[in-house]
Amino acid sequence: MQPTRTPTLDKFLDETNNILAVKNGQQLQSYLIIEPPFNDLYNSMISEIRNQYPKGKEEALESKCQRALPQAQEDEDGSSWSTFVKFIANYFAFIRDVDVKNLLDTYNLLSELQQKCNSALTHPMKGLVILPTVIAYARVFARLAIGLDKRPELIADLVTHNSFEEDGARETLPERAANILRNAFVTCLNDRGTTASGVKDGKPDGKKVGIYTLANLCLKILFQCDKKANAEQIFSNIYNQSPPLSIYPASERVTYLYYLGRFHFATNHFYPAQLALQAAYDECLASPSSLRQRRLILIYLIASNLILGRFPAATLYARPEAAGLQERFYPLCRAIATGNLEAFRRLTDLSHPHAPWFLHFRIFIQIEHRCEVLVWRSLFRRAFLLAGVQGDNVSRRAPTLDLNDVLTLFTYLEKRALTPLSQLDAGPGRRHTNWIFMSSDPPADAYYIDPDFAGLPEEFKPSLRLPSILEMESICSSLIYQGFLNGFVSHKLKRFAIQGAKRKGGALAAGFPTPWDVIKAKSTEECPGWKKDEAVGAGRFGAGMVVNLSGARPVGAGTFES
Numbered sequence: 051m052q053p054t055r056t057p058t059l060d061k062f063l064d065e066t067n068n069i070l071a072v073k074n075g076q077q078l079q080s081y082l083i084i085e086p087p088f089n090d091l092y093n094s095m096i097s098e099i100r101n102q103y104p105k106g107k108e109e110a111l112e113s114k115c116q117r118a119l120p121q122a123q124e125d126e127d128g129s130s131w132s133t134f135v136k137f138i139a140n141y142f143a144f145i146r147d148v149d150v151k152n153l154l155d156t157y158n159l160l161s162e163l164q165q166k167c168n169s170a171l172t173h174p175m176k177g178l179v180i181l182p183t184v185i186a187y188a189r190v191f192a193r194l195a196i197g198l199d200k201r202p203e204l205i206a207d208l209v210t211h212n213s214f215e216e217d218g219a220r221e222t223l224p225e226r227a228a229n230i231l232r233n234a235f236v237t238c239l240n241d242r243g244t245t246a247s248g249v250k251d252g253k254p255d256g257k258k259v260g261i262y263t264l265a266n267l268c269l270k271i272l273f274q275c276d277k278k279a280n281a282e283q284i285f286s287n288i289y290n291q292s293p294p295l296s297i298y299p300a301s302e303r304v305t306y307l308y309y310l311g312r313f314h315f316a317t318n319h320f321y322p323a324q325l326a327l328q329a330a331y332d333e334c335l336a337s338p339s340s341l342r343q344r345r346l347i348l349i350y351l352i353a354s355n356l357i358l359g360r361f362p363a364a365t366l367y368a369r370p371e372a373a374g375l376q377e378r379f380y381p382l383c384r385a386i387a388t389g390n391l392e393a394f395r396r397l398t399d400l401s402h403p404h405a406p407w408f409l410h411f412r413i414f415i416q417i418e419h420r421c422e423v424l425v426w427r428s429l430f431r432r433a434f435l436l437a438g439v440q441g442d443n444v445s446r447r448a449p450t451l452d453l454n455d456v457l458t459l460f461t462y463l464e465k466r467a468l469t470p471l472s473q474l475d476a477g478p479g480r481r482h483t484n485w486i487f488m489s490s491d492p493p494a495d496a497y498y499i500d501p502d503f504a505g506l507p508e509e510f511k512p513s514l515r516l517p518s519i520l521e522m523e524s525i526c527s528s529l530i531y532q533g534f535l536n537g538f539v540s541h542k543l544k545r546f547a548i549q550g551a552k553r554k555g556g557a558l559a560a561g562f563p564t565p566w567d568v569i570k571a572k573s574t575e576e577c578p579g580w581k582k583d584e585a586v587g588a589g590r591f592g593a594g595m596v597v598n599l600s601g602a603r604p605v606g607a608g609t610f611e612s
């Protein structure tokens, strides 16, 4: 018998066939490694493949694999696993051609290999054996895609064939990677070779064991390349078809809830966001190895609660993962609670030293826009304490607040916000010597002029845009509608009247409900995308969905007012 020219390759294929016979998925994954450096055995096999099956001889290589893998041939039920043969042939081509120094070529080779691996996963009976390999490759593929996204200079001039979405937009390399991994995720989600619920002995059954691992890898890519909108379908599919999240490992639960919370935050659903983020924070291991993960979760958790009118307790800032967060969030909490519109404007200005940090975590815009309403509410409360009419229980006169007084406060604080700190009155003993000559109006550079209109005649000089009494009526009406003020507006008298002061124990308690209590009363404990128990009703992701959820612990004891 003539000796074979590929003894190492033949031995490898024989061992692979034996692994398939016993259906040992973990051992198969340990054999089919793709990350250099390779050991001597693999280097010998790669050398044989390069000599006997160089580029252009892929069909011959596939034929050899088909002959050497009888376990991938036709079964008693008439089905064959030809997709595995194509995958293993592509695996050999990958280790033959890969050059990790060329990231783009590596991406393309790994993209093809991942797709072949995904195809092998679809076999209804044998596909489960390759699931650990699919997941292992997916982790490498996701890491490579994210690495390329962080180095745009490598792909600046790259235009891939068929890389356009239905709306004509370019499909980026990370998006393409996420879509490829999504196919494996859908295969696991749709596995029919399981129990009806997808749960067996309290654990995920069949391929459903890979649902959250693959989903989390897709989400990691999508959030890294800022394509959060593309994640909605993943959350929808999981809610409709996945077994309960609670039966999966803690690491998968925490990661999934973190991304779910961030998705709800990005789509302005802050109450569901804090539910998911709170659960993720509670379940994340409090150890040095998990410090970075806990910090990331905590940043978005505090931001979500801040927008909902709930502030962290001082004890939270003392935790290791909260290092440095107090100096960023506490001034905002203070400005919101006291209605200090000037401070809030300065803190949410792009020139503020902390603005780049908030922008990095993509929470700046939400805090700036959503928390302003809470500042308005506190400013109305502050105006009532200073100049409000307390009412009379005997004559049954309702407590009222003159909106002109509120306008005075708004105007004063808005003007101060536009004036550089160096020009403001710092108090007795700290005033500039020329302070008495300073104008109360903001400096000229506070007036915005579009460059296209610069140099126009004198009559077109800009004017400072300050609040009006009409805007005070509008803001007051809006706060009443949202439940942050309790009463009504007399448009004729320009006054806000508080209702139910006697019944609720005073004008403050009746007229200025705590924002967190108002928002919580209007919200449900539903968190779309979180499959906690079987859905009640026909479940689609979005409005109308119901998830049974136990109460989540607060970030801290501090709320808007005690």
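Counting from 51, one number per residue, gives the positions in the sequence shown under the numbering used here. Where is the CB? At the ideal position from N, CA and C, for every residue including glycine.
Check your understanding: Where does Val304 land, buried or exposed, given buried means 16+ other C-beta within 10 angstroms?
Key -> buried
Check your understanding: In chain order, what residues of the same chain lie with their CB nearer than 7 Å to the CB of Glu333, ignoring the 5 residues before and after it?
Key -> Non-local C-beta neighbours of Glu333 in its own chain, meaning closer than 7 Å and more than five positions away in sequence, comprise Ala300, Arg303, Val304, ordered along the chain.
Point to revise | C-alpha distance - Tyr187 paired with Val259, whole-angstrom precision | key: Between Tyr187 and Val259, the C-alpha separation is close to 16 Å.
Review point. Over what stretch of residues does the alpha helix (DSSP H) that includes Ala433 continue unbroken?
Key: 414-437
**Study point:** Outcome for Phe235 when other beta-carbon atoms lying within 10 angstroms are tallied against a minimum of 16
**Key:** buried
Point to revise | Other residues of its chain near Phe285: CB distance less than 8 Å, five sequence neighbours each side excluded | key: Only Leu310, Phe313, Pro578, Gly579, Phe591 meet the Cβ criterion.
Check your understanding: Three-state secondary structure (DSSP) at Thr317?
Key -> coil
**Study point:** Distance between Gln291 and Leu535 (C-alpha atoms, nearest Å)
**Key:** 42 Å
Review point. Touching or not, the region 145-163 and the region 172-185, by the rule of three or more beta carbon pairs under 8 Å?
Key: no
Check your understanding: DSSP puts Ala118 in a beta bridge; with which residues?
Key -> According to DSSP, which records beta bridges pairwise, Ala118 is partnered with nothing at all.
Check your understanding: Count the other CB atoms within 10 Å of the CB of Asn101; is the residue buried (16 or more) or exposed (fewer)?
Key -> Exposed, because fewer than 16 other Cβ atoms sit within 10 Å of the Cβ of Asn101.
Check your understanding: So what's Val150 in DSSP terms, helix, strand or just coil?
Key -> coil
**Study point:** Residue environment, Glu112, which counts as buried when at least 16 other CB atoms sit within 10 Å
**Key:** With 16 or more other Cβ atoms from the protein chains shown falling within 10 Å of its own Cβ, Glu112 counts as buried.
Review point. Which residues in the same chain have their Cβ closer than 6 Å to the Cβ of Phe394, if we skip the five residues on either side of it in sequence?
Key: Ala385, Val425
Practice item. Can you grab the Cα-Cα spacing for the pair Leu223 / Asn280, in whole Å? Key: 14 Å
**Study point:** Option in Arg420, Asp60, Ala437 with minimal Cα separation from Ala318
**Key:** The residue you asked about is not Ala; residue 318 is Asn in the sequence shown. Closest by alpha carbon: Arg420.
Check your understanding: DSSP puts Lys253 in a beta bridge; with which residues?
Key -> Lys250
**Study point:** Close-in-space but distant-in-sequence residues of the same chain around Ile349 (CB under 8 Å, 5 per side omitted)
**Key:** Leu375, Phe411, Ile413
Check your understanding: For Ile352, which residues from the same chain have a beta carbon less than 6 Å from its beta carbon, with the 5 sequence-adjacent residues on both sides left out?
Key -> Pro362, Phe379
Check your understanding: On the three-state DSSP scale, how would you describe Gly479?
Key -> Model confidence at Gly479 stands at a pLDDT of 49, short of 50, so the residue's coordinates are unreliable and nothing is read from them.
Check your understanding: Using a Cβ-Cβ cut-off of 7 Å (strictly less than) and excluding sequence neighbours within five positions of Cys268, which residues of its own chain qualify?
Key -> Ala228, Leu231, Arg232, Phe235, Ile284
Exercise for review: Identify the continuous beta strand (DSSP E) that holds Val259 and give its terminal residues.
Suggested key: Per DSSP, Val259 belongs to no beta strand (DSSP E) and is neither H nor E.
Point to revise | Cβ-Cβ distance between Ser296 and Leu327 below 8 Å | key: Remark: C-beta atoms of Ser296 and Leu327 do not approach each other more closely than 8 Å.
Check your understanding: If we ignore side chains and look at the alpha-carbon of each, how far apart do Ile138 and Ala192 end up?
Key -> 21 Å
Point to revise | Neighbourhood of Gly359 by C-beta distance below 6 Å, restricted to the same chain and skipping five residues each side | key: Leu424, Pro565, Trp566, Phe610
Point to revise | Beta-carbon gap between Ile417 and Leu356 smaller than 8 Å | key: yes
Point to revise | Opposing strand residues paired with Asp452 [DSSP bridges] | key: Arg545
Practice item. With Gly75 as the anchor, note down where its alpha helix (DSSP H) starts and where it stops. Key: 75-81
Practice item. Would you kindly check if the distance between the Cβ of Leu163 and the Cβ of Leu194 is under 8 Å? Key: no
Practice item. Output the distance between the C-alpha atoms of Ser97 and Ile83, rounded to the nearest integer angstrom. Key: 16 Å
Review point. Helix, strand or coil: how does DSSP classify Met488 here?
Key: Summary for Met488: the model assigns pLDDT 43, below 50, so the residue's position carries little reliability; its value from the coordinates is reported in the next sentence. In this structure, Met488 counts as coil in the three-state DSSP scheme.
Check your understanding: According to DSSP, is Phe538 helix, strand or coil?
Key -> Phe538 sits in a strand when the DSSP states are folded into three classes.
Check your understanding: Under 8 Å between the Cβ atoms of Glu225 and Cys167?
Key -> no
Practice item. Flag this pair as yes or no: are the beta carbons of Ala1 and Leu70 separated by less than 8 Å? Key: Any answer about residue 1 is impossible in this case: the structure gives the chain only from 51 up to 612.
Review point. Sorted by chain position, which residues of the same chain lie with C-beta nearer than 7 Å to Ser428's C-beta, five sequence neighbours on each side aside?
Key: Ile386, Ala387, Thr388, Gly389
Practice item. Can you tell me the Cβ-Cβ gap for Arg553 and Ala467, rounded? I've got them flagged as a contact below 8 Å. Key: 38 Å between Cβ atoms; not a contact.
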